Amino acid sequence: MALSAPFRRALALASFAFVCAAQAVPAQADVKVGVDLSSTGPAAVIGITSKNAMLMWPKTIAGQPAQYIFLDDGSDPGTAVRNINKLIHEDHVDVIVGPNVTPAALAALDPVAASHTPMITLVGAGVVVEPQAGPRVWAFKMAASDSALADVMTRYMSNHGVKTVGFIGFADSYGDGWLKEFSTFAKLRHISIVATERYNRTDSSVTGQVLKLMEAKPDAILVAGAGTPAVLPQRELVERGFKGPIYQTHGIATPAFIKLGGKDVEGTLFPTQPAIVARTLPADHPSKKEALAFVNAYEAKYGAGTVTQFAADAAGVYPRLNDAVARALKTAQPGTEAFRVALRGALEQAHEIVVPNGVVNTSASDHVGLDQRASVMGTIKGGKFVYLSQ
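Numbers -29 to -1, 1 to 361, taken from mature numbering (1 follows the signal peptide of the UniProt record, and there is no 0), label the letters of the sequence shown in order.
Okay, structure coming up:
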(Lines of atoms letter the chains of each structure in order from A and count residues from 1; the text may use other names and numbers.)
(Lines give C-alpha, C1' and ligand atoms only; values in the text may rest on other atoms or scores of the structure.)
Protein backbone atom coordinates (compact mmCIF):
# COMPACT_ATOMS: atom_id res chain seq x y z
CA MET A 1 0.00 0.00 0.00
CA ALA A 2 1.43 3.39 -1.02
CA LEU A 3 2.19 5.86 1.76
CA SER A 4 0.47 9.20 1.62
CA ALA A 5 2.58 12.27 0.94
CA PRO A 6 1.93 13.77 4.43
CA PHE A 7 2.95 10.49 6.09
CA ARG A 8 6.16 10.30 4.01
CA ARG A 9 7.04 13.86 5.03
CA ALA A 10 6.40 13.07 8.72
CA LEU A 11 8.54 9.92 8.50
CA ALA A 12 11.39 11.86 6.86
CA LEU A 13 11.25 14.53 9.55
CA ALA A 14 11.29 11.91 12.31
CA SER A 15 14.30 10.16 10.73
CA PHE A 16 16.11 13.50 10.41
CA ALA A 17 15.40 14.30 14.06
CA PHE A 18 16.71 10.88 15.15
CA VAL A 19 19.97 11.36 13.21
CA CYS A 20 20.46 14.83 14.66
CA ALA A 21 19.85 13.56 18.17
CA ALA A 22 22.34 10.75 17.67
CA GLN A 23 24.93 13.18 16.32
CA ALA A 24 24.37 15.46 19.32
CA VAL A 25 25.65 12.73 21.69
CA PRO A 26 29.46 12.57 21.33
CA ALA A 27 30.92 9.15 20.65
CA GLN A 28 33.04 7.74 23.47
CA ALA A 29 36.63 7.76 22.29
CA ASP A 30 38.96 5.08 23.62
CA VAL A 31 41.47 6.15 26.23
CA LYS A 32 44.68 4.66 24.84
CA VAL A 33 47.27 3.59 27.41
CA GLY A 34 50.70 2.63 26.05
CA VAL A 35 52.64 0.31 28.36
CA ASP A 36 56.39 -0.31 28.13
CA LEU A 37 57.73 -2.98 30.50
CA SER A 38 60.76 -5.24 30.85
CA SER A 39 59.01 -8.57 30.37
CA THR A 40 62.31 -10.19 29.36
CA GLY A 41 65.94 -9.55 30.28
CA PRO A 42 67.46 -8.96 33.75
CA ALA A 43 64.48 -6.91 34.97
CA ALA A 44 61.85 -9.40 33.75
CA VAL A 45 60.89 -10.45 37.27
CA ILE A 46 59.74 -6.85 37.81
CA GLY A 47 58.09 -6.37 34.43
CA ILE A 48 56.15 -9.63 34.40
CA THR A 49 54.46 -9.06 37.76
CA SER A 50 53.72 -5.46 36.81
CA LYS A 51 52.00 -6.64 33.64
CA ASN A 52 50.07 -9.28 35.59
CA ALA A 53 48.60 -6.52 37.76
CA MET A 54 47.71 -4.43 34.71
CA LEU A 55 45.88 -7.34 33.13
CA MET A 56 43.47 -7.03 36.07
CA TRP A 57 42.57 -3.43 35.21
CA PRO A 58 38.94 -2.73 34.23
CA LYS A 59 38.02 -2.33 30.55
CA THR A 60 36.98 1.28 31.08
CA ILE A 61 38.64 4.32 32.62
CA ALA A 62 36.35 7.00 34.08
CA GLY A 63 33.49 5.50 32.04
CA GLN A 64 35.39 5.64 28.74
CA PRO A 65 36.41 2.50 26.82
CA ALA A 66 40.09 1.79 27.50
CA GLN A 67 42.66 0.29 25.15
CA TYR A 68 45.88 -1.07 26.68
CA ILE A 69 48.84 -1.60 24.35
CA PHE A 70 51.73 -3.62 25.85
CA LEU A 71 55.33 -3.64 24.55
CA ASP A 72 58.41 -5.40 25.96
CA ASP A 73 61.71 -3.48 26.06
CA GLY A 74 63.84 -6.48 27.04
CA SER A 75 65.34 -4.44 29.92
CA ASP A 76 67.14 -2.31 27.31
CA PRO A 77 66.87 1.53 27.40
CA GLY A 78 67.31 1.82 23.62
CA THR A 79 64.46 -0.59 22.97
CA ALA A 80 62.34 1.27 25.53
CA VAL A 81 62.77 4.53 23.61
CA ARG A 82 61.85 2.84 20.32
CA ASN A 83 58.77 1.34 21.96
CA ILE A 84 57.70 4.67 23.38
CA ASN A 85 58.16 6.45 20.06
CA LYS A 86 56.00 3.77 18.43
CA LEU A 87 53.30 4.13 21.09
CA ILE A 88 53.28 7.90 20.70
CA HIS A 89 53.61 8.34 16.94
CA GLU A 90 51.98 5.17 15.55
CA ASP A 91 49.47 4.14 18.20
CA HIS A 92 48.71 7.72 19.29
CA VAL A 93 48.36 6.86 22.97
CA ASP A 94 47.11 9.34 25.55
CA VAL A 95 49.50 8.26 28.31
CA ILE A 96 52.58 6.08 28.76
CA VAL A 97 52.87 3.68 31.70
CA GLY A 98 56.42 2.46 32.44
CA PRO A 99 59.25 1.85 31.93
CA ASN A 100 60.09 -0.17 35.05
CA VAL A 101 63.89 0.27 35.05
CA THR A 102 65.54 3.61 35.82
CA PRO A 103 67.90 3.90 32.79
CA ALA A 104 64.96 3.30 30.43
CA ALA A 105 62.74 5.79 32.25
CA LEU A 106 65.43 8.46 32.02
CA ALA A 107 65.89 7.77 28.31
CA ALA A 108 62.13 8.12 27.78
CA LEU A 109 61.92 11.66 29.18
CA ASP A 110 62.74 13.47 25.96
CA PRO A 111 60.26 11.70 23.65
CA VAL A 112 57.34 12.01 26.08
CA ALA A 113 58.07 15.68 26.70
CA ALA A 114 58.47 16.46 22.99
CA SER A 115 55.08 14.90 22.23
CA HIS A 116 53.32 16.32 25.31
CA THR A 117 52.44 12.82 26.55
CA PRO A 118 52.30 12.20 30.31
CA MET A 119 54.29 9.20 31.57
CA ILE A 120 53.67 7.28 34.80
CA THR A 121 56.83 5.31 35.56
CA LEU A 122 57.23 2.27 37.79
CA VAL A 123 60.81 2.93 38.90
CA GLY A 124 62.13 3.76 42.35
CA ALA A 125 64.75 6.38 41.56
CA GLY A 126 63.63 9.94 42.24
CA VAL A 127 65.94 11.28 39.54
CA VAL A 128 63.24 10.53 36.96
CA VAL A 129 60.93 13.19 38.42
CA GLU A 130 63.30 15.43 40.38
CA PRO A 131 63.72 18.32 40.00
CA GLN A 132 60.40 19.21 38.37
CA ALA A 133 61.81 21.12 35.39
CA GLY A 134 62.34 20.55 31.67
CA PRO A 135 61.12 17.18 30.34
CA ARG A 136 60.58 15.86 33.89
CA VAL A 137 57.34 17.85 34.17
CA TRP A 138 55.77 15.16 31.94
CA ALA A 139 56.88 12.32 34.21
CA PHE A 140 55.13 10.87 37.27
CA LYS A 141 56.18 8.00 39.49
CA MET A 142 54.28 5.32 41.42
CA ALA A 143 56.96 3.95 43.76
CA ALA A 144 58.14 5.85 46.81
CA SER A 145 61.38 7.65 46.02
CA ASP A 146 64.72 6.29 47.12
CA SER A 147 65.00 9.22 49.51
CA ALA A 148 61.89 8.18 51.48
CA LEU A 149 63.07 4.58 51.66
CA ALA A 150 66.63 5.57 52.58
CA ASP A 151 65.12 7.67 55.36
CA VAL A 152 63.23 4.78 56.96
CA MET A 153 66.20 2.43 56.47
CA THR A 154 68.82 4.66 58.09
CA ARG A 155 66.44 5.45 60.95
CA TYR A 156 66.15 1.72 61.60
CA MET A 157 69.94 1.30 61.34
CA SER A 158 70.55 4.10 63.81
CA ASN A 159 68.02 2.68 66.26
CA HIS A 160 69.78 -0.69 66.12
CA GLY A 161 73.35 0.43 66.70
CA VAL A 162 74.73 0.51 63.15
CA LYS A 163 77.60 3.01 62.95
CA THR A 164 79.44 1.89 59.81
CA VAL A 165 78.16 0.48 56.50
CA GLY A 166 79.73 -1.09 53.43
CA PHE A 167 77.88 -0.34 50.16
CA ILE A 168 77.68 -2.43 46.99
CA GLY A 169 75.24 -1.40 44.26
CA PHE A 170 74.46 -1.71 40.58
CA ALA A 171 76.87 0.17 38.31
CA ASP A 172 74.04 2.16 36.75
CA SER A 173 71.57 4.90 37.61
CA TYR A 174 69.79 2.66 40.15
CA GLY A 175 73.00 2.20 42.12
CA ASP A 176 73.93 5.87 41.64
CA GLY A 177 70.59 7.04 43.00
CA TRP A 178 70.72 4.78 46.02
CA LEU A 179 74.32 5.73 46.88
CA LYS A 180 73.37 9.41 46.72
CA GLU A 181 70.25 9.12 48.86
CA PHE A 182 71.72 6.66 51.34
CA SER A 183 74.80 8.86 51.78
CA THR A 184 72.61 11.88 52.57
CA PHE A 185 70.56 10.13 55.25
CA ALA A 186 73.52 8.17 56.64
CA LYS A 187 75.34 11.44 57.26
CA LEU A 188 72.25 12.88 58.93
CA ARG A 189 72.20 9.93 61.34
CA HIS A 190 75.99 9.81 61.88
CA ILE A 191 76.48 6.53 59.99
CA SER A 192 79.77 6.25 58.07
CA ILE A 193 80.11 4.53 54.69
CA VAL A 194 83.49 2.78 55.02
CA ALA A 195 83.63 1.01 51.64
CA THR A 196 81.87 1.47 48.28
CA GLU A 197 81.76 -1.16 45.53
CA ARG A 198 79.76 -1.58 42.31
CA TYR A 199 78.73 -4.45 40.04
CA ASN A 200 76.72 -5.02 36.85
CA ARG A 201 73.28 -6.61 36.71
CA THR A 202 74.63 -9.37 34.47
CA ASP A 203 77.79 -10.16 36.49
CA SER A 204 78.33 -13.77 37.57
CA SER A 205 80.88 -13.03 40.31
CA VAL A 206 81.44 -10.26 42.87
CA THR A 207 84.14 -11.99 44.92
CA GLY A 208 86.65 -9.13 44.61
CA GLN A 209 84.11 -6.50 45.66
CA VAL A 210 82.89 -8.56 48.62
CA LEU A 211 86.41 -9.18 49.92
CA LYS A 212 87.08 -5.43 49.86
CA LEU A 213 83.86 -4.76 51.74
CA MET A 214 84.72 -7.30 54.43
CA GLU A 215 88.23 -5.90 54.82
CA ALA A 216 86.64 -2.61 55.91
CA LYS A 217 84.87 -4.45 58.79
CA PRO A 218 81.54 -2.57 58.58
CA ASP A 219 78.76 -3.12 61.13
CA ALA A 220 76.34 -3.78 58.24
CA ILE A 221 76.33 -4.00 54.45
CA LEU A 222 73.80 -2.48 52.05
CA VAL A 223 73.24 -4.13 48.66
CA ALA A 224 71.63 -1.63 46.27
CA GLY A 225 70.28 -3.96 43.61
CA ALA A 226 66.90 -5.05 42.29
CA GLY A 227 65.28 -8.34 41.34
CA THR A 228 67.24 -11.59 41.30
CA PRO A 229 70.64 -9.96 40.48
CA ALA A 230 70.54 -8.58 44.04
CA VAL A 231 71.04 -12.12 45.39
CA LEU A 232 74.63 -12.44 44.11
CA PRO A 233 76.44 -10.11 46.58
CA GLN A 234 74.42 -11.38 49.53
CA ARG A 235 75.17 -15.01 48.75
CA GLU A 236 78.87 -14.21 48.45
CA LEU A 237 78.82 -12.34 51.77
CA VAL A 238 77.16 -15.27 53.53
CA GLU A 239 79.54 -17.81 51.99
CA ARG A 240 82.52 -15.67 53.00
CA GLY A 241 81.30 -15.62 56.61
CA PHE A 242 80.02 -12.06 57.02
CA LYS A 243 78.08 -12.05 60.31
CA GLY A 244 76.62 -8.55 60.36
CA PRO A 245 73.14 -7.57 59.18
CA ILE A 246 72.65 -7.36 55.42
CA TYR A 247 70.31 -4.67 54.12
CA GLN A 248 68.79 -4.57 50.67
CA THR A 249 66.63 -2.00 48.90
CA HIS A 250 62.93 -2.18 48.01
CA GLY A 251 64.02 -3.63 44.66
CA ILE A 252 64.22 -7.16 46.10
CA ALA A 253 60.50 -7.42 46.87
CA THR A 254 59.70 -10.31 44.53
CA PRO A 255 59.09 -14.01 45.30
CA ALA A 256 61.85 -14.81 42.79
CA PHE A 257 64.42 -13.15 45.09
CA ILE A 258 63.44 -15.42 47.97
CA LYS A 259 63.27 -18.49 45.75
CA LEU A 260 66.73 -17.91 44.28
CA GLY A 261 68.32 -16.71 47.52
CA GLY A 262 66.93 -19.44 49.77
CA LYS A 263 68.56 -19.63 53.18
CA ASP A 264 71.17 -17.04 52.16
CA VAL A 265 68.59 -14.25 52.17
CA GLU A 266 66.77 -15.25 55.36
CA GLY A 267 66.87 -12.31 57.80
CA THR A 268 67.44 -9.70 55.08
CA LEU A 269 66.40 -6.20 56.20
CA PHE A 270 64.87 -3.87 53.63
CA PRO A 271 62.65 -0.79 53.25
CA THR A 272 59.44 -1.41 51.37
CA GLN A 273 55.87 -0.28 50.87
CA PRO A 274 52.65 -1.57 52.44
CA ALA A 275 51.44 -4.13 49.89
CA ILE A 276 54.43 -6.46 50.11
CA VAL A 277 53.85 -6.94 53.87
CA ALA A 278 50.08 -6.35 53.80
CA ARG A 279 49.09 -9.34 55.91
CA THR A 280 51.47 -8.45 58.74
CA LEU A 281 50.82 -4.69 58.79
CA PRO A 282 49.41 -3.32 62.05
CA ALA A 283 45.62 -3.13 62.00
CA ASP A 284 45.70 0.67 62.21
CA HIS A 285 48.05 1.21 59.28
CA PRO A 286 46.26 3.64 56.89
CA SER A 287 47.01 1.55 53.78
CA LYS A 288 46.23 -1.90 55.18
CA LYS A 289 42.69 -2.20 53.78
CA GLU A 290 43.62 -1.24 50.21
CA ALA A 291 46.89 -3.20 50.28
CA LEU A 292 45.23 -6.34 51.60
CA ALA A 293 42.39 -6.14 49.06
CA PHE A 294 44.91 -5.97 46.22
CA VAL A 295 47.05 -8.82 47.58
CA ASN A 296 44.02 -11.08 48.00
CA ALA A 297 42.76 -10.35 44.46
CA TYR A 298 46.20 -10.76 42.86
CA GLU A 299 46.98 -14.03 44.63
CA ALA A 300 43.51 -15.39 43.87
CA LYS A 301 44.38 -14.96 40.19
CA TYR A 302 48.09 -15.80 40.12
CA GLY A 303 48.66 -18.00 43.16
CA ALA A 304 49.69 -17.70 46.79
CA GLY A 305 52.95 -15.85 47.43
CA THR A 306 53.11 -14.26 43.97
CA VAL A 307 52.50 -10.60 44.81
CA THR A 308 55.37 -8.11 44.49
CA GLN A 309 55.85 -4.46 45.33
CA PHE A 310 56.07 -3.79 41.60
CA ALA A 311 52.72 -5.45 40.97
CA ALA A 312 51.24 -3.23 43.68
CA ASP A 313 52.77 -0.13 42.09
CA ALA A 314 51.27 -1.14 38.75
CA ALA A 315 47.88 -1.73 40.34
CA GLY A 316 48.02 1.76 41.80
CA VAL A 317 48.30 3.33 38.34
CA TYR A 318 44.66 2.56 37.59
CA PRO A 319 43.03 4.59 40.41
CA ARG A 320 45.33 7.48 39.55
CA LEU A 321 44.33 7.32 35.88
CA ASN A 322 40.66 6.87 36.72
CA ASP A 323 40.73 10.04 38.80
CA ALA A 324 42.78 12.09 36.33
CA VAL A 325 40.93 10.98 33.18
CA ALA A 326 37.57 11.93 34.73
CA ARG A 327 38.82 15.49 35.24
CA ALA A 328 40.65 15.73 31.91
CA LEU A 329 37.47 14.75 30.03
CA LYS A 330 35.90 18.01 31.17
CA THR A 331 38.43 19.81 28.96
CA ALA A 332 39.02 17.62 25.90
CA GLN A 333 38.50 14.22 24.29
CA PRO A 334 41.04 11.35 24.19
CA GLY A 335 43.25 11.19 21.14
CA THR A 336 44.10 14.90 21.17
CA GLU A 337 47.03 16.93 22.43
CA ALA A 338 44.58 19.01 24.46
CA PHE A 339 43.51 15.87 26.32
CA ARG A 340 47.11 14.82 27.02
CA VAL A 341 47.90 18.26 28.39
CA ALA A 342 44.77 18.20 30.55
CA LEU A 343 45.62 14.70 31.75
CA ARG A 344 49.09 15.81 32.81
CA GLY A 345 47.52 18.67 34.77
CA ALA A 346 45.01 16.34 36.43
CA LEU A 347 47.72 13.83 37.42
CA GLU A 348 49.55 16.73 39.02
CA GLN A 349 46.55 17.54 41.23
CA ALA A 350 45.78 14.16 42.82
CA HIS A 351 44.30 14.43 46.31
CA GLU A 352 44.17 11.63 48.89
CA ILE A 353 43.98 8.84 46.31
CA VAL A 354 44.43 5.56 48.17
CA VAL A 355 46.52 2.98 46.29
CA PRO A 356 47.92 -0.37 47.50
CA ASN A 357 51.27 1.22 48.35
CA GLY A 358 50.14 4.42 50.07
CA VAL A 359 48.09 7.59 49.72
CA VAL A 360 48.81 9.98 46.83
CA ASN A 361 48.79 13.80 46.97
CA THR A 362 50.65 15.38 44.05
CA SER A 363 51.52 18.97 43.19
CA ALA A 364 53.53 20.99 40.68
CA SER A 365 56.68 20.27 42.70
CA ASP A 366 55.91 16.67 43.67
CA HIS A 367 55.07 14.10 40.99
CA VAL A 368 55.24 11.14 43.39
CA GLY A 369 52.86 12.31 46.10
CA LEU A 370 53.59 9.64 48.71
CA ASP A 371 54.30 10.55 52.33
CA GLN A 372 55.60 8.45 55.25
CA ARG A 373 52.46 6.32 55.14
CA ALA A 374 54.08 4.64 52.13
CA SER A 375 57.38 3.51 53.72
CA VAL A 376 57.97 0.66 56.20
CA MET A 377 60.79 -1.69 57.15
CA GLY A 378 60.44 -5.36 56.32
CA THR A 379 62.44 -8.55 56.74
CA ILE A 380 62.48 -12.08 55.33
CA LYS A 381 61.30 -14.61 57.88
CA GLY A 382 60.47 -18.22 57.12
CA GLY A 383 60.78 -17.53 53.41
CA LYS A 384 58.24 -14.69 53.49
CA PHE A 385 58.32 -10.91 53.48
CA VAL A 386 57.00 -9.62 56.80
CA TYR A 387 56.45 -6.23 58.44
CA LEU A 388 59.17 -5.11 60.84
CA SER A 389 58.52 -1.50 61.79
CA GLN A 390 57.14 1.85 60.63
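Note that CB positions come from ideal geometry on N, CA and C, so glycine has one too.
None of the values given here were measured: they were computed from a predicted structure.
- Taking C-beta separations shorter than 7 Å and ignoring five residues to either side along the sequence, the partners of F265 in its chain run A246, A283, A286, P327, following chain order.
- The three-state reading of DSSP puts F213 in coil, since its state is none of H, G, I, E or B.
- About 15 Å separates the Cβ atoms of H221 and Q205, ruling out a contact at the 8 Å cut-off.
- At a Cβ-Cβ threshold of 9 Å, D65 and K3 count as neighbours.
- Within its own chain, the residues whose Cβ lies closer than 7 Å to the Cβ of S10, once the five positions on either side in sequence are excluded, are G18, I19, K22, D43, listed in chain order.
- Between Q219 and L193, the alpha-carbon positions lie close to 6 Å from each other.
- In chain order, V2, L292, N293, V296 place their CB closer than 6 Å to the CB of I32, counting only its own chain and leaving out the 5 sequence neighbours on each side.
- Distance from the Cα of A76 is smallest, within the candidate group A51, T135, I59, V330, for A51.
- V66 is bridged by DSSP to V4.
- Taking 9 Å as the cut-off, the beta carbon of T88 is found closer than this to the beta carbon of R311.
- Per DSSP, the continuous alpha helix (DSSP H) segment holding T178 begins and ends at 178 to 186.
- In the structure shown, S163 falls within a strand segment according to DSSP collapsed to helix, strand and coil.
- The Cβ atoms of T135 and F153 lie no closer than 9 Å to each other.
- The C-beta distance from L184 to G132 rounds to 19 Å, too long to meet the 8 Å contact threshold.
- Boundaries of the alpha helix (DSSP H) harbouring K230: 226 to 232, taken from the DSSP string.
- Closest in alpha carbon position to G146, among T178, T92, A201, is A201.
- Counting only the Cα atoms, M27 lies some 25 Å from Q304.
- Looking at the DSSP output, A142 bridges to nothing.
- Contact between T199 and L150 fails: their C-beta atoms lie close to 21 Å from each other, not under 8 Å.
- Judged by beta-carbon spacing, I55 lies within the 9 Å limit of A79, meaning their Cβ atoms are closer than that value.
- With respect to P29, T173 sits apart: the two C-beta atoms are not nearer than 9 Å.
- In the structure shown, the three-state DSSP call for L93 is coil.
- In the DSSP annotation of this structure, the continuous segment of the beta strand (DSSP E) that includes T243 starts and ends at 240 to 243.
- Counting along the chain, no beta strand (DSSP E) covers A114, and no H or E run does either.
- For I351, the enclosing beta strand (DSSP E) has its first and last residue at 347 to 352.
- In the three-state scheme derived from DSSP, where H, G and I count as helix and E and B as strand, V194 is classed as strand.
- Residue pairing by DSSP places I32 opposite Q35 in a beta bridge.
- In this structure, DSSP gives R291 a helical state, which the three-state scheme calls helix.
- The Cβ-Cβ distance between S346 and P242 falls below 9 Å.
- Taking C-beta atoms under 8 Å as the contact rule, D62 and G105 fail to qualify, at a distance of about 25 Å.
- If you draw a straight line from the Cα of D235 to the Cα of I324, it is about 38 Å long.
- Excluding the 5 residues flanking it on each side, K259 has same chain C-beta neighbours closer than 8 Å at P245, A249, L252, P253, in chain order.
- Residue state for R169 is assigned as strand, using DSSP reduced to three classes.
- One Cα belongs to D47, the other to P290, and the distance between them is close to 28 Å.
- Between the beta-carbon of V68 and that of I91 there is about 5 Å, and that keeps the pair under the 8 Å contact cut.
- Where G132 is concerned, there is no enclosing beta strand (DSSP E), because DSSP gives it neither an H nor an E.
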